[in-house]
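Protein sequence lines correspond, in order, to chains V, E and H.
All residue numbers for the first sequence refer to the numbering used here, where the first residue is 6 and numbers rise by one.
All residue numbers for the second sequence refer to the numbering used here, where the first residue is 29 and numbers rise by one.
All residue numbers for the third sequence refer to the numbering used here, where the first residue is 34 and numbers rise by one.
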Amino acid sequence: MNVLVVVRLVPDLVEPLVVTPQEDNLDWEETALVLNESDDHALEEALLLKEKYQARVTVVAFDFGEIDQVLYMAAAKGVDRIIKISWPHREPPNSLEIAETLAQLVPTLKVELVVMGCQSPTEFLGMAAPQLAAALDWSYVGVVRGLEASEHPEAWKAYKEYPGAVLAEMEVQLPAVVGILTASQPPRYVPVSRIRAAAQQTRFEMVEGPRELKEPSAAIRRVYLTPATAHATMLRGSEEEVARQLVEILLEKGILK
Amino acid sequence: MSGELASGSSSRVAEFYRMLFEPPEGSTAWACMQCGLCTSSCPLGDAMEYPPRRIIAEAWSGTLERVIRSPSVWMCVGCYTCSLRCPRQIDLTDTVCPAVRDYALQEGIQPPPELRAAFQNLYLYGNVFGQSPRKRLEWTRGLEVTVRDLSKSPEPVEVLWLVGCYPSYHPRNQVVARNMARILTALGIRWGILGKEERALGDCDRLFGEEGLFEMLVENNRRLFERFQFEKIVLLDPHAFRALEKFYPRFGAVFPAEHYTTFLASRLQQLRPWLVKPIKARVTYHDNCCVGRRCRCFDAPRALLAAIPGLELVEMERNREHALCCGGGGGGMWLDAFITQHGGRRLSDVRIQHALKTGAEILAVSCPFELSRFENAVKVAGAEDRLKVRDILELLAESMGLNEGGGP
Amino acid sequence: MSRRIAVPVEVYRGQITDLTRECLIAARLVARDEDEVVAYVFGEIPDHGNSALQLADRVVTLENGQVSQPVALAQAKLLCSKLDRKDTELVLVGSSSWGLDVGPLVAAFWGVPLVANCQGLERRQASLWATCRICAGKLLVDVEVGAQTAVVLLLPGSFLRKEVTPRATQPVMEKESVSSQEWDARVRFQRWIEPQREDVDITQAEILVAVGRGIERQENLEVAEELAEVLGGVVCGSRPVVDQGWLPPTRQVGKSGMIVKPKLYLAMGISGAPEHVEGMKDAELIVAINRDERAPIFHVAHYGIVADLFDVIPALKEALVARRQEA
């Protein structure tokens with residue numbers, strides 16, 4: 006089976022976010038980028054499929070920011086093929102652009118399964134994974150934790166997460182796009198020396214991306230940092246004082262008997 | 029392409045054996061006489077499936093496969109006791125152990141999750157906490173002395189002070205950082221820091237086996253330091269000091285460096301007049317492994333403590349080169365649960381008993397890990413009313429009338 | 034010209050979900066007088082939670098055996114074939130595991146805009162305006178939806194407490210049958226897999242001591258356990274702690290874990306990411322301890338302490354034990 010993994014760079018939320026003075030966008034120059042967490046899990050799931058079922062894994066990404074580091078990491082983890090889509094623009098592609106570009110690319114590749122993260126911090130006008138599935142007219146299941154072979158050929162079991170730690174076992178007919186939330190196991194660690202070695206040896210295949218940006222499907226009127234609204238009453242002082250205050254509060258509220 | 033990288037390639041194996049049998053420092057592992065002095069000296073030796081002696085034996089017979097799969101690979105806390113005592117001077121702690129770990133990582137062995145997170149954080153953010161580099165200066169908030177941020181306004185200084193990750197980010201250690209700033213200023217030393225550009229020196233990861241990550245940090249730091257003019261680098265972290273002194277030169281990054289205890293002890297003449305307030309307490313000093321046992325530097329910290337009026341210095345039974353490690357090095361800071369689950373024990377809990385036996389009221393330390401480790405150990409021992417843990421800098425600052433009230 | 038606001042109804046564990054109710058509330062608030070709010074039920078109307086349907090003007094039940102299977106692909110396709118896109122102004126779906134599949138698929142099949150992570154929706158003159166909360170809750174975006182038809186994914190809690198004037202009459206009830214050709218069987222629901230129930234059901238606990246990444250290491254859990262014991266409570270955790278394997282999934286609080294409403298929720302070393310907050314925001318008393326005074330948890334907590342939890346917990350334990358001895 007041939008699996009395509011889509012990886013994206015997203016704003017690193019460890020850093021404070023910076024918005025342009027016009028409040029029309031994130032200041033992408035000031036924004037540190039990091040691999041989208043659920044895409045990292047999608048990659049791990051694909052590698053597990055490679056280990057368990059000898060799947061061939063191709064990774065695809067848009068050429069933005071320091072995506073090369075992510076791709077070298079993927080190479081070090083053992084993927085079979087890496088494709089980079091040119092993207093000479095000031096901000097990363099939005100969900101619509103991702104879905105449409107990949108919808109053009111996927112039919113040219115021999116893949117039956119596309120896995121990618123089902124969520125990303127900057128998705129709000131669209132969601133790439135289901136949109137890609139619809140554009141390809143492929144099956145889709147999202148919010149998935151883990152894939153396994155099913156008894157039927159050409160079908161796979163996807164475990165969809167529900168509240169209360171419940172899973173729904175779904176049977177998905179290939180070709181399919183699966184939106185991964187978490188992988189069956191945490192993303193594996195690969196030592197930096199292997200990533201650096203991969204950087205020496207790996208060649209990416211380059212593919213043309215769209216020349217023009219797509220207008221978002223709704224008009225973005227304002228982008229701004231979430232204002233601090235309600236706030237907790239802060240207890241201050243030494244640990245002993247604070248502990249005492251808290252015990253008083255618990256007694257007052259009848260929580261301590 | 030990647031297929032070969034996915035499984036251990038023969039060049040990695042060759043590299044591992046080269047490290048063992050043609051090490052950059054110390055004797056070749058062929059010289060080992062299997063005396064077992066290392067194992068019996070190791071504070072966690074009885075819990076290791078493959079203590080140092082056995083690792084070398086397995087390396088000789090080429091059966092490292094099972095060694096790297098054993099949890100004991102992750103149990104070395106970098107205390108240097110085995111290296112100190114090896115009659116053949118094999119560089120066990122700095123060469124053999126990291127080489128085994130590096131090999132394990134290359135073979136795809138997954139390190140314990142807490143270590144993975146620490147490596148990831150070091151890689152992405154240049155500190156083990158995963159905190160933003162932009163927050164490196166938070167410890168200076170409200171500080172009443174001037175902090176020269178060389179990254180913003182470069183100027184020649186006498187001392188480039190590499191603050192370190194723990195003193196920059198950890199609230200308990202930030203107190204120590206502020207006291208260091210006050211002391212340096214009081215002594216009239218022209219000092220500066222690298223502000224938000226400072227990143228970890230990288231000793232932890234090297235000991236953990238992440239050679240590649242260490243190399244990356246060395247390269248970045250070398251380029252960074254070369255931009256500035258300074259006479260010497262002073263560090264609070266003994267591990268970082270070791271890295272800078274012993275390993276950075278191997279990569280062509282040569283910078284004069286001192287641990288703060290050595291630096292201040294060499295300035296004792298200028299320092300002494302400032303030590304006005306007596307600290308009437310019984311104090312015992314815990315020798316840290318890197319500056320102490322490894323560098324044989326035991327007198328400088330004691331000279332500093334002895335200079336404080338009213339202070340009565342008492343020694344623990346195991347002191348100087350025989351001090352018992354706190355268990356924080358070599359990844360130990362993150363692996364207490366892992367180590368105790370595999371039959372080891374938290375060394376700081378054992379060491380605190382040594383301190384309590386002396387009847388001391390203060391346990392003085394000079395390594396950032398030790399503050400939190402020993403303070404936790406004091407709590408576990410239920411001895412908060414009997415023993416306080418203080419960094420030497422806090423005691424000096426208190427005697428100079430400069431501190432903000434010491435620790436909690 | 035009257036237009037339809039469609040709300041696909043999610044039934045989970047035999048009940049119409051609270052999130053569906055929120056979508057219906059939002060639909061009513063945004064509907065003009067001439068608009069019609071229509072709820073679409075896949076299969077039979079369940080016995081529980083159906084009072085929410087009173088908010089709709091019309092309820093359409095789609096009938097056929099497999100229609101009630103929770104297969105978003107098929108249900109989304111079905112909606113697209115049963116609804117007239119030209120007549121539909123809005124499709125409002127909740128951001129649940131099911132909704133996150135259904136909503137975007139409907140939008141994609143129809144080629145209409147999708148507005149996700151929506152926490153606020155209102156009509157201003159001719160357009161619909163949405164406020165989206167992204168980047169782990171740190172960023173807000175105001176969006177003007179100009180298109181004729183759009184799909185909106187609502188975040189839970191956004192419309193829960195909004196007031197809606199009750200309808201004067203009962204909703205019109207309709208049934209529509211679905212043929213097997215209209216059902217996309219490429220994805221099939223096989224079965225539910227329940228987690229292995231262990232000793233404690235945290236949704237029943239009155240006092241919860243919750244730990245997050247701030248607990249740092251697995252061994253530090255015992256500190257939380259001891260505190261929980263003194264308080265008479267139970268330990269639970271945020272997702273990262275469970276993902277590490279330090280706590281079983283049944284102890285996870287949050288979007289894909291448990292939703293809890295205890296008397297006391299003590300959040301320790303938890304930053305307050307929206308996925309976690311979703312699971313505990315209705316606790317009666319929320320106390321948060323975090324080293325970072327800017328942690329979002331302090332916006333949801335009633336009381337906050339900026340400190341190292343390893344310092345506060347022992348002090349708290351002592352104070353509690355002392356109190357108990359006094360009493």
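Even for Gly, the Cβ is constructed at its ideal location relative to N, Cα and C.
Computed from a prediction, not measured in an experiment: that's the story for all the values here.
Mind checking if E:G240 is an interface residue toward chain A, Cβ cutoff 9 Å exclusive?
Looking at the structure shown, chain A is missing, and the protein chains on hand are V, E and H.
Under the three-state reduction of DSSP, which class applies to H:V284: helix, strand or coil?
Residue mapping note: residue 284 of chain H aligns to position 251 of the third sequence, counting from 1. Val is not the amino acid found at residue 284 of chain H; the sequence shown has Arg there. Secondary structure at H:R284: helix, using DSSP grouped into helix, strand and coil.
Provide the residue(s) that pair with V:N7 in DSSP beta bridges, ordered along the chain.
As a working note, residue 7 of chain V is residue 2 in the first sequence. According to DSSP, V:N7 bridges with V:R61.
Could you tell me which of H:S35, H:L88, H:R36, H:M34 sits nearest to H:A59, measuring between CA atoms?
The residue given as residue 59 of chain H occupies position 26 in the third sequence. Cα-wise, what sits closest to H:A59 is H:L88.
Which residue comes first and which comes last in the beta strand (DSSP E) that contains H:N323?
Residue 323 of chain H sits at position 290 when you count from the first residue of the third sequence. Unbroken beta strand (DSSP E) run through H:N323: 318-323.
Counting contacts by CB-CB distance shorter than 9 Å, is E:A365 in contact with chain H?
Here residue 365 of chain E corresponds to residue number 337 of the second sequence, with the count starting at 1. Residue-level contact check: E:A365 touches chain H, since one or more beta carbons of chain H fall below 9 Å from its beta carbon.
Could you say if the region 6-17 of chain V and the region 110-119 of chain V meet the contact criterion of at least three C-beta pairs nearer than 8 Å?
Contact between the region 6-17 of chain V and the region 110-119 of chain V is present: 3 or more CB-CB pairs across the two stretches fall below 8 Å.
Can you give the Cα-Cα distance for H:L86 and H:S212, rounded to whole angstroms?
To locate residue 86 of chain H, count along the third sequence from 1; it is residue 53. To locate residue 212 of chain H, count along the third sequence from 1; it is residue 179. Computed Cα separation, rounded: 25 Å.
Alpha carbon to alpha carbon, how far is H:T94 from H:E227?
Translated into positions along the third sequence, residue 94 of chain H becomes position 61. Translated into positions along the third sequence, residue 227 of chain H becomes position 194. Cα-Cα distance, rounded: 28 Å.
What is the DSSP secondary structure of E:Y108, reduced to helix, strand or coil?
Indexing the second sequence from 1 puts residue 108 of chain E at position 80. E:Y108: coil per DSSP, three-state reduction.
The region 131-147 of chain E in contact with the region 93-107 of chain E per 3-pair CB rule at 8 Å
Under the Cβ criterion (8 Å, minimum of three pairs), the region 131-147 of chain E counts as touching the region 93-107 of chain E.
Any beta carbon from chain E within less than 9 Å of H:Q277's own beta carbon?
Residue mapping note: residue 277 of chain H aligns to position 244 of the third sequence, counting from 1. At a cut-off of 9 Å between beta carbons, H:Q277 contacts chain E.
Classify V:Y58: buried if its beta carbon has 16 or more other beta carbons within 10 angstroms, exposed otherwise.
Walking along the first sequence from the start, residue 58 of chain V turns up at place 53. The C-beta of V:Y58 has fewer than 16 other C-beta atoms within 10 Å across all chains shown, which makes the residue exposed.
Determine the closest residue to V:Y164 out of V:H157, V:E156, V:E174, with distance taken between C-alpha atoms.
Translated into the one-based positions of the first sequence, residue 164 of chain V becomes position 159. Looking at the Cα atoms, V:E174 is the closest of the given residues.
What residues from chain H crowd round V:F69, counting only those whose CB sits closer than 9 Å?
Your numbering for residue 69 of chain V matches position 64 in the first sequence. Within chain H, not a single residue places a beta-carbon under 9 Å from that of V:F69; the smallest gap is close to 17 Å.
Nearest by alpha-carbon distance to E:V342: which of E:L352, E:H314, E:C323 is it?
Along the second sequence, one-based indexing puts residue 342 of chain E at 314. It is E:H314 whose Cα lies nearest to the Cα of E:V342.
Going along the chain, which residues of its own chain have a beta-carbon closer than 6 Å to the beta-carbon of V:E49, five neighbours each way excluded?
Stepping through the first sequence from its first residue, residue 49 of chain V is reached at position 44. Its chain contains A188, P192 as the residues whose beta carbon lies nearer than 6 Å to that of V:E49, once the 5 sequence neighbours on both sides are disregarded; these appear in chain order.
Could you list the residues in the region 237-270 of chain H with a C-beta less than 7 Å from some C-beta on chain E, going in chain order?
Contact residues of the region 237-270 of chain H toward chain E are R250, Q251, E252 (C-beta to C-beta distance below 7 Å).
Leaving out the 5 sequence neighbours to the left and right, which residues in its chain are closer than 7 Å to V:R227 when beta-carbon positions are compared?
As a working mapping, residue 227 of chain V is identified with position 222 in the first sequence. Once the five neighbours on either side are set aside, the close Cβ partners of V:R227 are E28.
Check distances from the C-beta atoms of the region 208-235 of chain V to those of chain H and list, in chain order, the residues that come in under 9 Å.
Contact annotation: in the region 208-235 of chain V, residues whose CB is within less than 9 Å of a CB in chain H are P221, S222, A223, A224, I225, R226, R227, V228, Y229, L230, T231, P232, A233, T234, A235.
Quick test of your reading: E:W189 and E:W219, contact by CB under 8 Å. State the CB separation rounded to the nearest angstrom.
Counting from one through the second sequence, the residue named residue 189 of chain E turns up at place 161. Counting from one through the second sequence, the residue named residue 219 of chain E turns up at place 191. The pair is a contact, with the Cβ atoms about 5 Å apart (cut-off 8 Å).
Test item: CB-CB of H:L254 and H:Y298 under 9 Å:
For this step, residue 254 of chain H is matched to residue 221 along the third sequence. For this step, residue 298 of chain H is matched to residue 265 along the third sequence. Not a contact, by the Cβ cut-off of 9 Å.
What in chain V is Cβ-close to H:D344, meaning under 7 Å?
Here residue 344 of chain H is taken as the residue at index 311 of the third sequence, counted from 1. Correct list: E244.
Give the interface partners of H:W225 over in chain V, defined as CB-CB distance under 9 Å, in chain order.
Position 192 of the third sequence, counting from 1, holds the residue named residue 225 of chain H. What H:W225 touches in chain V: Y167, V171, L172, A173, E174.
Among V:A47, V:P97, V:K82, which has the Cα closest to the Cα of V:F69?
Against the first sequence, residue 69 of chain V aligns to sequence position 64. When each option's Cα is compared against that of V:F69, the closest is V:P97.
How many Å lie between E:A309 and E:A132 at the Cα?
Taking the first residue of the second sequence as position 1, residue 309 of chain E is located at position 281. Taking the first residue of the second sequence as position 1, residue 132 of chain E is located at position 104. About 48 Å.
Test: V:R199 CB closer than 9 Å to a CB of chain E:
The residue you call residue 199 of chain V lines up with position 194 of the first sequence. Closer than 9 Å to some Cβ of chain E, the Cβ of V:R199 qualifies, so yes.
E:D315, DSSP secondary structure in three states:
One-based indexing of the second sequence puts residue 315 of chain E at position 287. Reduced to three states, the DSSP call for E:D315 is coil.
Three or more C-beta pairs below 8 Å linking the region 75-82 of chain H and the region 178-193 of chain H
Segments in contact, no.
Look at the Cβ atom of V:L240, then the Cβ atom of H:I346, and state whether they are nearer than 9 Å.
Numbered from 1 along the first sequence, position 235 holds the residue referred to as residue 240 of chain V. Numbered from 1 along the third sequence, position 313 holds the residue referred to as residue 346 of chain H. No, the Cβ-Cβ distance between V:L240 and H:I346 is not below 9 Å.
When we look at the beta-carbon of E:L33 and count the other beta-carbons within 10 Å, is it buried (16 or more) or exposed?
Numbered from its first residue, the second sequence carries residue 33 of chain E at position 5. Confidence at E:L33 is low in this model, with a pLDDT of 35, below 50, so the placement of that residue should be treated as unreliable; the coordinate-derived value is given next. It counts as buried.
H:E69 and H:R118: beta carbons closer than 9 Å?
Mapped onto the third sequence, residue 69 of chain H falls at position 36. Mapped onto the third sequence, residue 118 of chain H falls at position 85. If you check the CB distance, H:E69 and H:R118 do not come in under 9 Å.
Thinking C-alpha only, which one of E:R295, E:G355, E:S69, E:I221 is nearest E:N316?
Locating residue 316 of chain E in the second sequence gives position 288, where the first residue counts as 1. Closest option to E:N316, Cα to Cα, is E:G355.
If you count every other CB in all the chains shown that lies within 10 Å of the CB of H:K110, and 16 or more means buried, which is it?
Here residue 110 of chain H corresponds to residue number 77 of the third sequence, with the count starting at 1. Buried: at least 16 other Cβ atoms inside 10 Å.
Close Cβ partners of V:V177 (< 6 Å) along its chain, the five nearest in sequence each way excluded:
As a first step, residue 177 of chain V must be located in the first sequence, where it is residue number 172. Cβ within range, chain order: S144, V146, W161, A163.
Helix, strand or coil for H:T198? Go by DSSP, reduced to three states.
Within the third sequence, the letter at position 165 stands for residue 198 of chain H. Secondary structure at H:T198: coil, using DSSP grouped into helix, strand and coil.
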